[in-house]
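Trainee:
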Amino acid sequence: YKHLLVRALGDGVTHVQFNRPKQLNAMHQENWEELGDVFTKLDTDKDCRAIILSGNGRAFTSGIDLTTFGSNLEVEEGMDV
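Counting with our numbering, you get residues 474 to 554 for the letters of the sequence shown.
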């Protein structure tokens, strides 16, 4: 994964870690897609019984990455009020 670190810790535990520490692990579209993919794969992995989710660096996540927020949204003309 490009923005996630995934490693098996043993005893059925897998550690999934956000890995954009310079951006305080801010979330963007690719993060969500990778996270969904890894959770889907781990859901069907008989060797994984628990997932630890954390952030690399000093923040778990700072939320949505505002530098990309809305960059792919279509905006319709609104009514003037």
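We put the beta carbon where it would ideally sit given N, CA and C, even for glycine. Given the structure is predicted, the values throughout are model-derived calculations rather than measurements.
Report the rounded CA-to-CA distance for Leu-477 versus Glu-550, giving the unit in angstroms.
Mentor: Computed Cα separation, rounded: 37 Å.
Trainee: Threshold first: 4 residues or longer. Then list the alpha helix (DSSP H) segments lying entirely within the stretch 487-519, N to C.
Mentor: Taking only runs of at least 4 residues, the alpha helix (DSSP H) segments lying wholly in the stretch 487-519 are 502-516.
Trainee: Is Gly-528 helix, strand or coil when you go by DSSP?
Mentor: Strand at Gly-528.
Trainee: Who are the Cβ neighbours of His-501 in its own chain at under 7 Å, not counting the five residues just before and after it?
Mentor: Once the five neighbours on either side are set aside, the close Cβ partners of His-501 are Asp-538 and Thr-541.
Trainee: Buried or exposed: Thr-487, going by 16 or more other Cβ atoms within 10 Å of its Cβ?
Mentor: Answer is buried; the Cβ neighbour count reaches 16.
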